[in-house]
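Asks: Protein chains in written order, with our numbering: chain P, 1 to 127; chain Z, 1001 to 1447; chain U, 2001 to 2548. For each residue, glycine too, the CB sits at the ideal point set by N, CA and C.
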Amino acid sequence: MSLPDDRRYSREHEWIRPEGGEAVIGLTQFAVTELGDIVYVELPAPGSAMTQFQSFGVVESVKAVSDLFAPASGTVIAVNEALRGQPELLNADPHGDGWVARIALTNPDELDALLDAAGYGSLIGAE
Amino acid sequence: MTYTPHTDADRAAMLAAIGVASVDELFEDIPASVRASRFAVPPSLTEQEVRAELTRLAGRNRPAEVSFLGAGAYRRLIPAVVDEVIGRAEFATAYTPYQPEVSQGTLQAIYEFQTLICELTGMEVASASHYDGATATAEAALMACRLTGRDTVAVSRGVDPQVRRVLATYGSGPGIEIVEVAADLAEGGSGQTDVAAAAAAMGPDVACLVVQQPSFLGVLEPMAELAEAAHANGGMFVTQVDPVSLAVLEAPGRYGADIVTAEGQQLGIPLSFGGPYLGLMAARMDAVRQLPGRLVGATRDGAGRRGYVLTLQAREQHIRREKAASNICTNQALCALAATAYLAAVGPEGLEEVAERSATQARHLVASLEAAGLASRRFGAAYLNEVALHVPSAALRHAALVEQGVVAGFVLEGEYPELGDTLLLAATELTTDDDVARLVEALGAAT
Amino acid sequence: MSAVESRPAADASGRGAAFHSPTSGERLRVVEPTLFERSRPGRRAIRFPAPSAAARASAAAQPDIPAAARRTTAPRLPEIHELELVRHFNRLSRLNHAIDIDFYPLGSCTMKYNPKLNEWAARLPGLAGSHPLDPAALSQGSLELQWLLAELLREIGGFAAVSLQPAAGAHGELTGMLMARAYHRSRGEGDQRRTVLVPDSAHGTNPATASMVGFTTRTVPSNARGGIDLEALRGALGPDTAALMLTNPSTLGIFEDQIDDVLAAVHQAGAIAYMDGANLNAILGRFRAGEAGFDVMHFNLHKTFSTPHGGGGPGAGPVGVSERLVPFLPAPRPLLVEGDPATVLANAWAGRSTPGARFELEAPGSRPTAIGRVRTFTGNFGMHVRAYAYIRANGGEGLREVTDDAVVAANYVRVGLADAYDLPFDRICKHEVVFSARRQKREHGVTALDIAKAILDEGIHPPTIYFPLIVEEALMVEPTETETRETLDRFIGVMRDIAHRATTDPEAIRSAPHTTPVGRLDEATAARQPDLRWSFPEAVRTDSERDA
């Protein structure tokens, strides 16, 4: 699978794409493939804070449930409202239309702790 | 003993295939230090002997000739067709429908059950069952705490004392505080939950108000006012109702209930000394992800056929483990099937006949006792088919009547010290005019 | 194409008579219409007598149900004739697999034969008609039966006392954990001991129960032999540990052979040892948890003691406890208040009542240390009757034989399939054996789910799949003691054949089942757009209404 170069990846299979002091976050293709058909996403409330590597939401598939772990600390600016009615967007386009949230970054340096596309690619290749 | 089918030759052949010389070798992993030192279970019995033993025990029960006992469990007519349905081995000897392709019978029946409970309660979603009404109410209170993020529950004193005890037990787990809301139990009082006290109790830290309709004491509660009190500070309204009463009493969904629970025993399930019964729970769709218990949903297969599956399973313990909405796994599926068959058998008119006849017989009972000067209604509020009556020397006369095979309801003083000399009497569709006459006569003689 | 599409009368299996839906305008095919589709206004199955004129006249003097409390819209219950009702449920029943139809080796559920004699017993009018609040003088039989059953379970489990109150296994777990917490509180350690240790092979109910009681769960890994990792357990135990919840034999079907060390470590840490008794069928007469040192265990009457599973209950989950937890048992307990216990037992075992013996329920509030009630009344009595009948019918020797034959059957299946599927823990098992389909998945793209669906086509219920979680592509088989060798051989043959076909025609397995009333169902749509109740069609307005 192709991994976009414009973002960083966490070992918990989230991606983060910085845009100035903000960033868009989501689940990787690998994560949604492992989960299977996603049926529900528990999204964070706009305005709420998230801490890097801590849980900020939940994603449910037919027979599994998984925490969403923040790839970086920040405050939620917006969430992908479309996921409420169409959680299948996460399966269809996890790196694009299936984005999860937009956050204001607390500390952009945190992204240094994350993997680039090549590093993440070898991580999931090993799993 | 003929429970297992294996002959000695079968066992020998299987042990040989396994490659062990004796059965004991298969248990060598149990360390000698912890092996059972005794197993003093009495010897096996033949079917004839088991029948004799169970007949002996059944005979040690002395069924009342006439009974007005309810207080949470009611003697009602169970149509013959109900036992026929639940006796079908295809339902009784199946398990939880994990493989939907070979479980459509159970799954569709539960889907129908969920629909029936939604219809009765006026709610949007019903779970596939709980252990009994009390545990359903306790789970509903915990659900309200999760939904509101609050940890105090207000409960009316008009709620069945056993239900309040179960709620206290369940609430003690996560540390839920329970506050009691007074009912007007004074002489000449209504018997209803005190609306002003409910409003005062429902502070901003209180998750829900729990009320029973009709109350344990038989009175009809002012549900609309209580709903308003429950909601004033963002709390939820949890109501435990009598499912038969819903043929004539307003659907809880119409007076603002957020979570509705009920004891479903009256829907085709025998008294059976207290169980198995059936916990009902219904709520609104926006709360479905916090609803405990199994849910069945309709869907289709690849060929476009309608079929049913267990759904929204990510709420449940086998997937979410320590974060599950509840630990409930095995529930009361066959009892839910009994309720489904019962409601289909009686239909809308039949259920109304049951409720109306029960209410009429209760009124006939009260009028007859009052006319004989033996009892008077303890509370002013209206009742349905169960009623608290003031009877002088209630406990003594109740005991005296038991000796004659008459159970004059439930003596309230044990649970409500302020209700001395008060009996709670229930009538159902099975209550005959002769039963009433017998009670009047026996109570009159037991002075 | 007309709006109504008809299908052949039955599918290849002979089950599932097929019907067309008279109301479907789209190409939805319906195996059996719902009760609501069968409903026709004015039909009914049963009538009730109207009150007498005398009763009505007398009742008229009493206040009526106030109009404000009355229902404003009638519930749309179905209106059905009894024959249609009987046919509906009989047809539905034919869409189910069940123990009474064929083999049901659902791991961890003990789907053994449910003797008909038990059903007869539970329906005896003297027992089924017993009101739970009847005065004790009228309920001596029910109370004696519960007291006797508790005594039998006490002996079977090696405990000091048993409560019959819990309604299911998970309910028994809740009861046990509440008692563990009450015990620690009684010793002033309630605030300190908040962690429950649970092996990674545990049922989901264990951690879910711990959470319900306000405990935090900590997972303990398994070792390479399928037992608990003792060093990891010792490392996890501490002054904050409230309890260890251990399923034994484990969900891998393996007896914990380090049990002495496990119990010693737990008790040394001051924690409670809880045994999940789901797998008790594997050790009857061989291992008594209480005697070995467990403080509390739940029994699943619907597994070990043959009460029917009912499509998901009712079950019953009595708990046995050691001496130190007796004060905390749920209230009320049925007690023998007059009479010598040994005499009453001896007489009951001989089929006799004991003159002068009297049973009563514990009075409310008489044991303040009790954790309280976990449900109304005294438990799922109908299940107690069945379990009592089962234990008496089998007797001690019969129960030992049950266990021996259950373990022989599981090991027979294990060796019969050892070369066809991977065995992650290839050692003598107890009542169940866990295979892995990882080889089939890796080499042929055939998963445990696919294999389960292919088993359906053979008229056999599949094993439990994807559990325990620590086994990849798990297939968990529990054959039970009541299946003949011929049935076990047939199952082994079916499983071997599927393993073989996975290599020659994997697509046929991936597309299974082919003979069931419905095929694989769209569970994703079911969860994304939940349809949890029948949608009544909007009332069709007549022309005159429309004109008006």
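Identify every run of the beta strand (DSSP E) within the stretch 2245–2285 of chain U, keeping only runs that are complete inside it and at least 3 residues long; order them along the chain.
Replies: Runs of the beta strand (DSSP E) inside the stretch 2245–2285 of chain U: 2272–2277.
Asks: Run the CB neighbour count on G1019/Z, radius 10 Å, all protein chains shown included, and call it buried at 16 or more, exposed below.
Replies: The residue you call residue 1019/Z lines up with position 19 of the second sequence. Burial call: exposed.
Asks: Determine whether the Cβ of P2022/U lies closer than 8 Å to any Cβ atom of chain Z.
Replies: Translated into positions along the third sequence, residue 2022/U becomes position 22. Confidence at P2022/U is low in this model, with a pLDDT of 36, below 50, so the placement of that residue should be treated as unreliable; the coordinate-derived value is given next. No, P2022/U lies away from the interface with chain Z (no Cβ there is under 8 Å from its Cβ).
Asks: Taking the beta strand (DSSP E) that Q1192/Z falls in, what are its first and last residues?
Replies: Your numbering for residue 1192/Z matches position 192 in the second sequence. Neither: Q1192/Z is in no beta strand (DSSP E) and is coded neither H nor E.
Asks: Assuming contact is defined by CB atoms lying nearer than 8 Å, are H1318/Z and G2310/U in contact in what I supplied?
Replies: For the purposes of this step, residue 1318/Z is taken as residue 318 along the second sequence, with counting starting at 1. For the purposes of this step, residue 2310/U is taken as residue 310 along the third sequence, with counting starting at 1. Not in contact: H1318/Z and G2310/U (Cβ atoms no closer than 8 Å).
Asks: Contact criterion: CB-CB distance below 8 Å. Does R1284/Z meet it with respect to chain P?
Replies: Position 284 of the second sequence, counted from the start, is the residue given in the question as residue 1284/Z. Closer than 8 Å: no.
Asks: Taking CB distances under 8 Å as the criterion, tell me whether A64/P reaches chain C.
Replies: Considering every chain present, this structure includes no chain C. Its protein chains are P, Z and U.
Asks: Just checking: is the beta-carbon of C1145/Z within a distance shorter than 8 Å of some beta-carbon in chain U?
Replies: Locating residue 1145/Z in the second sequence gives position 145, counting from the first residue. Cβ-Cβ to chain U under 8 Å: no for C1145/Z.
Asks: Scan the stretch 1296–1325 of chain Z for residues whose Cβ lies nearer than 7 Å to a Cβ of chain P and list them as they occur along the chain.
Replies: Residues Q1313, A1314, I1319, R1320.
Asks: In chain order, what residues of the same chain lie with their CB nearer than 7 Å to the CB of A1345/Z, ignoring the 5 residues before and after it?
Replies: Reading the second sequence from its first residue, position 345 is the one you call residue 1345/Z. Excluding positions up to five away in sequence, the list reads P1079, V1081, V1082.
Asks: Going along chain U, which residues have a C-beta under 8 Å from P87/P?
Replies: Mapped onto the first sequence, residue 87/P falls at position 87. Within 8 Å Cβ-Cβ: R2528.
Asks: Please specify which runs of the alpha helix (DSSP H), each continuous and at least 4 residues long, are wholly inside the stretch 2037–2123 of chain U, giving them in chain order.
Replies: 2053–2060, 2082–2093, 2116–2122, all fully within the stretch 2037–2123 of chain U.
Asks: What does DSSP give as the partner residues of Y40/P in its beta bridges?
Replies: Translated into the one-based positions of the first sequence, residue 40/P becomes position 40. In the DSSP output, where bridge partners are listed per residue, Y40/P has E60/P.
Asks: What does DSSP give as the partner residues of R17/P in its beta bridges?
Replies: For the purposes of this step, residue 17/P is taken as residue 17 along the first sequence, with counting starting at 1. In DSSP, R17/P forms a bridge with V24/P.
Asks: Quick one: residues in its chain with C-beta nearer than 7 Å to the C-beta of I2492/U, no 5 flanking neighbours on either side, listed in chain order?
Replies: Numbered from its first residue, the third sequence carries residue 2492/U at position 492. Cβ within range, chain order: V2413, G2416, L2417.
Asks: Kindly indicate which three-state DSSP category M2476/U falls into: helix, strand or coil?
Replies: Indexing the third sequence from 1 puts residue 2476/U at position 476. The answer is strand: DSSP assigns M2476/U an E or B state.
Asks: Quickly, what does DSSP pair A1298/Z with across the bridge? List them, please.
Replies: As a first step, residue 1298/Z must be located in the second sequence, where it is residue number 298. Answer is Y1308/Z, bridged to A1298/Z.
Asks: Going along the chain, which residues of the stretch 2509–2525 of chain U sit with their C-beta nearer than 7 Å to a C-beta in chain P?
Replies: So the close ones are E2523, A2524.
Asks: Assign G1393/Z to buried or exposed, taking buried as 16 or more other Cβ atoms, counted over all protein chains shown, within 10 Å of its Cβ.
Replies: Taking the first residue of the second sequence as 1, we reach residue 1393/Z at position 393. For clarity, residue 1393/Z is Ser in the given sequence; the question names Gly instead. Its Cβ having fewer than 16 others within 10 Å, S1393/Z is exposed.
Asks: At a CB-CB cut-off below 8 Å, which residues of chain U make contact with V39/P?
Replies: Position 39 of the first sequence holds residue 39/P. Going along chain U in sequence order, the residues near V39/P (Cβ under 8 Å) are A2524, A2527, R2528.
Asks: Would you mind stating whether A1134/Z and V1163/Z have Cβ atoms separated by less than 8 Å?
Replies: Residue numbering aside, residue 1134/Z sits at position 134 when the second sequence is read from its first letter. Residue numbering aside, residue 1163/Z sits at position 163 when the second sequence is read from its first letter. Yes; because the gap between Cβ atoms is below 8 Å, this pair is in contact.
Asks: Mind checking who F1410/Z pairs with in its DSSP beta bridge?
Replies: As a working mapping, residue 1410/Z is identified with position 410 in the second sequence. For F1410/Z, which the question treats as bridged, DSSP gives the partners L1424/Z.
Asks: Compare the C-beta of V2407/U with all C-beta atoms of chain Z and state if any pair is closer than 8 Å.
Replies: Against the third sequence, residue 2407/U aligns to sequence position 407. It does; some Cβ of chain Z falls within 8 Å.
Asks: Closer than 9 Å, Cβ to any Cβ of chain Z: which residues of the stretch 12–24 of chain P, in chain order?
Replies: Answer in chain order: no residues at all.
Asks: Apply the 10 Å Cβ neighbour rule to T1152/Z and answer buried if 16 or more other Cβ atoms are within range, or exposed otherwise.
Replies: Reading the second sequence from its first residue, position 152 is the one you call residue 1152/Z. That one is buried.
Asks: Of all the CB atoms in chain Z, is at least one closer than 8 Å to the CB of P2066/U?
Replies: On the third sequence, position 66 is the one that residue 2066/U refers to. Interface residue, yes.
Asks: For C1329/Z, which of helix, strand or coil comes out of DSSP?
Replies: The count along the second sequence starts at 1 and reaches residue 1329/Z at position 329. The answer is coil: DSSP assigns C1329/Z none of H, G, I, E or B.
Asks: In this structure, does DSSP put S2013/U in helix, strand or coil?
Replies: Taking the first residue of the third sequence as position 1, residue 2013/U is located at position 13. Reliability of the predicted coordinates at S2013/U is poor, the pLDDT of 36 falling under 50, and no value is obtained from them.
Asks: Please name the residues in the stretch 52–85 of chain P whose beta-carbon is closer than 7 Å to at least one beta-carbon of chain Z, in chain order.
Replies: The stretch 52–85 of chain P vs chain Z, Cβ under 7 Å: E60, K63, A64, V65.
Asks: Look at G1116/Z and A1138/Z and say whether their C-beta atoms are less than 8 Å apart.
Replies: The count along the second sequence starts at 1 and reaches residue 1116/Z at position 116. The count along the second sequence starts at 1 and reaches residue 1138/Z at position 138. Sequence check: residue 1116/Z is Leu here, not Gly. Going by C-beta atoms, L1116/Z is not nearer than 8 Å to A1138/Z.
Asks: Pair every Cβ in the stretch 108–115 of chain P with every Cβ in the stretch 55–68 of chain P, then say whether three or more of these pairs are closer than 8 Å.
Replies: No, the stretch 108–115 of chain P does not touch the stretch 55–68 of chain P.
Asks: Which chain Z residues are close to Y2412/U, counting only those with a beta carbon under 7 Å from its beta carbon?
Replies: Mapped onto the third sequence, residue 2412/U falls at position 412. Those are M1014, A1017, I1018, listed as they occur along chain Z.
Asks: Can you give the beta carbon distance from T1093/Z to P2105/U, rounded, assuming they're within the 8 Å contact cut?
Replies: Along the second sequence, one-based indexing puts residue 1093/Z at 93. Along the third sequence, one-based indexing puts residue 2105/U at 105. Their Cβ separation, rounded to whole angstroms, is 14 Å, which puts T1093/Z and P2105/U out of contact at 8 Å.
Asks: Would you tell me roughly how many angstroms separate the C-alpha atoms of A1036/Z and Q2268/U, rounded to the nearest one?
Replies: Taking the first residue of the second sequence as position 1, residue 1036/Z is located at position 36. Taking the first residue of the third sequence as position 1, residue 2268/U is located at position 268. Answer to the nearest angstrom: the Cα atoms are 23 Å apart.
Asks: Counting along the chain, where does the alpha helix (DSSP H) carrying G2169/U start and finish?
Replies: Translated into positions along the third sequence, residue 2169/U becomes position 169. 2169–2186 is the extent of the alpha helix (DSSP H) around G2169/U.
Asks: Can a CB atom of chain U be found closer than 8 Å to the CB of T1261/Z?
Replies: The residue labelled residue 1261/Z in the question sits at position 261 within the second sequence. No, because no Cβ of chain U sits closer than 8 Å to the Cβ of T1261/Z.
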